[in-house]
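Worksheet: one structure, shown below.
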Amino acid sequence: MTTTSGSGSGPDQQSIGQLISRLSEQAARLVRAEIDLAKAELAEKAKAAGIGIGLLAGAAFFGFFTFAVLITTVILAISEGLAPWLAALIVLVVLAIITGALALVGVKSLQKGTPPTPEKAVAGLKQDAETVQKSVKEGLSR
Numbered sequence: 001m002t003t004t005s006g007s008g009s010g011p012d013q014q015s016i017g018q019l020i021s022r023l024s025e026q027a028a029r030l031v032r033a034e035i036d037l038a039k040a041e042l043a044e045k046a047k048a049a050g051i052g053i054g055l056l057a058g059a060a061f062f063g064f065f066t067f068a069v070l071i072t073t074v075i076l077a078i079s080e081g082l083a084p085w086l087a088a089l090i091v092l093v094v095l096a097i098i099t100g101a102l103a104l105v106g107v108k109s110l111q112k113g114t115p116p117t118p119e120k121a122v123a124g125l126k127q128d129a130e131t132v133q134k135s136v137k138e139g140l141s142r
């Protein structure tokens, strides 16, 4: 003959206090897991951005000198037909216009990327919150 111990070990035998305690523990674990996911996602994005920034800095370093030689070449070519000071002034104006346009586009691009948010983690948290709310409502309606 089998006997039940009455220890409340089965899901139907748990008290409301035990169920709330389990829910609280599981919710805390879930939140910690989502925070860990957000940290990992941000670290991954920061690493990729750091590598990209480093490579762009190297390219900018060499590009600066390349561009200086190009500008000198353009000034020398224009000075074949005009006074050297006028050739330099024409190149200066063109470069100032290009610089202004690039600055405007760059600022707009930076504004689109800020603030950096862990989108997957935020979506996961929203889904988890909806699931918990749904479960609580279903549990209360029983």
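The opening residue of the sequence shown carries number 1 in the UniProt record's numbering; numbering runs sequentially from there.
Beta carbons: idealized from backbone N, C-alpha and C, even for Gly.
Helix, strand or coil at E80 [DSSP, three-state]: Here the question's residue 80 lines up with position 80 in the sequence shown. In this structure, E80 counts as coil in the three-state DSSP scheme.
Three-state secondary structure (DSSP) of T114: Position 114 of the sequence shown, counting from 1, holds the residue named residue 114. Of the three classes helix, strand and coil, the one that applies to T114 here is coil, per DSSP.
Simplified DSSP assignment, three categories, for T2: The count along the sequence shown starts at 1 and reaches residue 2 at position 2. Because the pLDDT of T2 is 47, which lies under 50, any placement of that residue in the model is unreliable, and the question is left without a value.
Distance between beta carbons of A87 and I78, contact taken as under 8 angstroms: In the sequence shown, residue 78 corresponds to position 78, counting from 1. In the sequence shown, residue 87 corresponds to position 87, counting from 1. A87 and I78 do touch by the CB rule: their CB atoms are close to 4 angstroms apart, below 8 angstroms.
Residues of its chain near G6, where Cβ-Cβ distance is below 6 angstroms and the 5 sequence neighbours each way are ignored: By 1-based counting over the sequence shown, the position of residue 6 is 6. Its pLDDT being 48, under 50, G6 is placed unreliably by the model, and the measurement read from it follows with that caveat. Same-chain partners within the cutoff: there are none.
Collapsed DSSP secondary structure at Q14 in the structure displayed: Position 14 of the sequence shown, counted from the start, is the residue given in the question as residue 14. In the structure shown, Q14 sits in coil (DSSP, three-state: anything other than H, G, I, E or B).
7 angstroms Cβ cutoff met for A38 and P118: One-based indexing of the sequence shown puts residue 38 at position 38. One-based indexing of the sequence shown puts residue 118 at position 118. The answer is yes: Cβ separation under 7 angstroms.
When L76, L125, Q111 and R22 are compared against T34, the one with the closest alpha-carbon: Taking the first residue of the sequence shown as position 1, residue 34 is located at position 34. In the sequence under discussion, the amino acid at residue 34 is Glu, which differs from the Thr named in the question. Selected option, being the one with the closest Cα: L125.
Rounded straight-line distance, which links the Cα of L102 to that of L110: Locating residue 110 in the sequence shown gives position 110, where the first residue counts as 1. Locating residue 102 in the sequence shown gives position 102, where the first residue counts as 1. Whole-angstrom Cα-Cα distance: 12 angstroms.
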